[in-house]
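Have a look at the structure below, then the notes.
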Amino acid sequence: MSQSITTDTPVPLRYAAGTFDIYIVVDTREVKLKKDRSYIQEQLEMHGIKTLTRSLTVGDFLWVAKLRGNSSNEGQEVVLDYVIERKTMDDLIASIKDSRFKDQKLRLGNSGLRNTIYLIEKSPSMVQALNFGLTAIRTAMAQVQVVNGFFLKQTGSLDETIAYLVRLTKGLIAKFGKQDLMAVSSEGLNRDTVKDTRAYLEGMHGWQCHLTFDGYQAINSKSKEYKVQEIWTRQLMTIKGVSGEKAVAIAKNYPTMRSLLKALAACNDDTERESLIRSAGGNGRKAIGGALAKKIRQVLCSPVY
């Protein structure tokens, strides 16, 4: 573990059991029309669920623990380790067609939360799904589970989605409501350090370490320092066979196309270049095989591309 983690780690925030309530946070973009927003909130609150509506940098729903009687701590709420991305079937098809599907999954996988639920809600009409092709839709669903490691939940309507949110919220209240919570401060936190920082604090204190709401928003914001790397990651994903996990692994070692091209230019031959590309991957699903390394090398180095 890096020296910065052991010496500069911020003191964690602690919420004592019994001092907070758990709220579901609904993304403002998820409820585009005021009547839809009111309907979702009213239905949740009818079942005793406390709600907040905010603009989320990633995801459509998440949960926070908020101190009772303290309106001044907005942003310092503890984010529980669950996030939901909701898609109607029509939304899913549209995102696949315009390539947002891969990008959104990549951002969800890098959100800093450990439990990602990809919820697909049946559209009132299945005409688009039939025209697009059920095989392609099933393939996308399988990728969500097998490649990305998300939990896939399918519902038949908005009301069924709300019923699922009610059950899940009550489950999280039962799980977290009667225990102390710990969260890492957002100060100095970024996407590169969040995983190690949380692991270090958990090892030191023996508690699960969460993010604050401000911390979650900060590490997922499309700031300038991440914009170049995210564009580069997306460019890598356009190469056939390069999944989101593989692209992230390469971009972690070579944050820009220029840095990778410079390293490839320093190699003596194509064999050495392909070896370098393979080493930029990781283990398991992040591993880059020989055929894919050759393909990446051809795309980046060969004049025919």
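The opening position of the sequence shown corresponds to residue 166 in my numbering, with each subsequent residue numbered one higher.
The beta carbon of each residue, even a glycine, is placed where N, CA and C say it ideally should be.
Residue i and residue j: beta carbons closer than 8 Å?
i, j, result
"LEU295", "VAL248", "no"
"ARG219", "VAL190", "yes"
"GLY224", "LEU273", "yes"
"LEU337", "LEU426", "no"
"SER276", "ASP255", "no"
"LYS231", "ASP186", "yes"
"GLN394", "PRO420", "yes"
"ARG462", "GLU439", "yes"
"THR253", "SER386", "no"
"ARG443", "ALA458", "yes"
How many Å lie between residue i and residue j at the Cα?
i, j, result
"SER290", "LEU330", "23 Å"
"ARG179", "GLU242", "10 Å"
"SER424", "SER408", "20 Å"
"SER350", "ALA416", "26 Å"
"GLY447", "ALA412", "10 Å"
"ILE285", "CYS432", "46 Å"
"GLY213", "LEU227", "17 Å"
"TYR188", "MET422", "42 Å"
"ALA414", "LYS451", "7 Å"
"ILE282", "LYS270", "11 Å"
"THR172", "LYS215", "A caution first: THR172 carries a pLDDT of 47, below 50, which makes its placement in the model too unreliable to give a value."
"ARG363", "VAL292", "45 Å"
"LYS136", "GLN308", "Any question about residue 136 goes unanswered here, given that the chain covers just 166 to 470."
"HIS375", "ASN280", "12 Å"
"GLY371", "ASN418", "31 Å"
"CYS250", "ARG194", "Per the sequence shown, the amino acid found at residue 250 is Glu instead of Cys. Going from the Cα of GLU250 to the Cα of ARG194 covers about 12 Å."
"GLY240", "VAL176", "17 Å"
"PHE316", "ILE302", "16 Å"
"LEU441", "ASP434", "11 Å"
Report the option in the options whose CA atom is closest to the CA atom of residue i.
i, options, result
"ALA445", "ALA428, ASP434, ASN433", "ALA428"
"GLY380", "GLN394, ASN355, GLN373", "ASN355"
"ILE205", "VAL312, TYR283, LEU323", "LEU323"
"ILE182", "ASN235, THR193, ASP345, PHE226", "Note that residue 182 is Ala in the sequence shown here, rather than Ile. Of the listed residues, the one whose Cα sits closest to ALA182 is ASP345."
"THR377", "MET347, THR358, MET402", "MET347"
"THR326", "GLN310, LYS460, LEU209", "LEU209"
"GLY449", "THR184, THR362, VAL311, GLY371", "VAL311"
"THR403", "SER203, VAL176, VAL464", "VAL464"
"MET211", "VAL229, ALA328, LYS405, ALA305", "ALA328"
"ALA305", "GLY371, ALA430, LEU257, GLU239", "LEU257"
Touch check for the stretch 255 to 273 and the stretch 353 to 368: three-plus C-beta pairs under 8 Å?
-> Touching, no, given that fewer than three Cβ pairs across the two stretches are closer than 8 Å.
Any contact of the stretch 392 to 400 with the stretch 250 to 262, i.e. 3+ C-beta pairs under 8 Å?
-> As far as the Cβ criterion goes, the stretch 392 to 400 does not touch the stretch 250 to 262, which means the pair count is below three.
Any 3 or more C-beta pairs closer than 8 Å across the stretch 338 to 348 and the stretch 294 to 309 | At 8 Å Cβ cutoff, the stretches do not touch.
Enumerate, from N- to C-terminal direction, the unbroken alpha helix (DSSP H) stretches of 4 or more residues contained entirely within the stretch 244 to 302.
-> Annotation note: the stretch 244 to 302 contains the following uninterrupted alpha helix (DSSP H) runs of length 4 or greater, listed N- to C-terminal: 254 to 262, 265 to 274, 292 to 297.
Note down, one range per segment and in chain order, each alpha helix (DSSP H) of at least 4 residues found wholly within the stretch 344 to 378.
-> Under the rule that a run must span 4 or more residues, the alpha helix (DSSP H) segments found entirely inside the stretch 344 to 378 read 359 to 370.
Give, in chain order, every unbroken run of the alpha helix (DSSP H) that is at least 4 residues long and sits entirely within the stretch 389 to 455.
-> List check, alpha helix (DSSP H) in window: 389 to 402, 409 to 418, 422 to 430, 435 to 444.
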